[in-house]
Amino acid sequence: MRILIIEDDELKHQHLEKYVKTLLPNVSFCWKKSYQSGLQEITTNPYDLVLLDMSMHIFEKTARESGGNFETYAGRMILSEIDINEIATKVIVITGYDVYSDGKTLTTLKTELRNEFGDFYVDTIYFIGGEEKWKAELAQLIKMIFN
């Protein structure tokens, strides 16, 4: 089983990978940190599941590069590409925002994503690193997908 994590925050990535390994010990992970690298990976290689951040930089940050523009809805752009390219995978969006910079709430975003990408979009989880709620939600969704 292969899981792609598209997430620009290293600590959040570590939390996700560590927890998913407790649920699926034999899983293989790939981690990409930007819209561009995540999009290239998902359109090139097959994955059973994508754990997708909603907001990230367009390009990978490096010692010399800033990562380009920060895109609030980069994850939605990736969902659109998965849809257009008819990529066979499931996607769980994991975000640290409950209200976005344009005032859109997480509840509204979830409804929009479900309506637009319902075939492969599973759900959106509100991630707060120090809390446990996201773990229970993720476990339930993974069980639903793989059982």
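Its first residue numbered 1491, the sequence shown is counted upward by one per residue in my numbering. Glycine included, each C-beta is placed from N, C-alpha and C at the ideal position.
- Inter-segment contact for the segment 1515 to 1528 and the segment 1613 to 1625 is absent: fewer than three beta-carbon pairs are separated by less than 8 angstroms.
- Of the candidates M1546, D1543, E1550 and C1520, the residue whose Cα lies closest to the Cα of Y1537 is C1520.
- In this structure, the straight-line span from the alpha carbon of R1604 to that of V1583 is close to 11 angstroms.
- Looking only at L1513, V1589 and M1546, the smallest Cα-Cα distance to M1634 is reached by L1513.
- Take Y1590, set aside five residues on each side of it, and the residues of its chain with a beta-carbon closer than 6 angstroms to its own are T1562, in chain order.
- The C-beta distance from K1523 to L1494 rounds to 12 angstroms, too long to meet the 8 angstroms contact threshold.
- Counting other Cβ atoms within 10 Å of its Cβ, S1570 stays below 16 and is therefore classed as exposed.
- Within 10 angstroms of the beta-carbon of E1497 lie 16 or more other beta-carbons, which makes it buried.
- Annotation: the continuous alpha helix (DSSP H) that includes I1632 extends over K1623 to F1636.
- Taking a 10 Å sphere around the C-beta of L1501, we find fewer than 16 other C-beta atoms and assign the residue as exposed.
- Around L1539, the same chain offers I1493 and K1580 as residues with beta carbons nearer than 6 angstroms, after the five sequence neighbours per side are excluded.
- The beta carbons of G1565 and L1599 sit no closer together than 7 angstroms.
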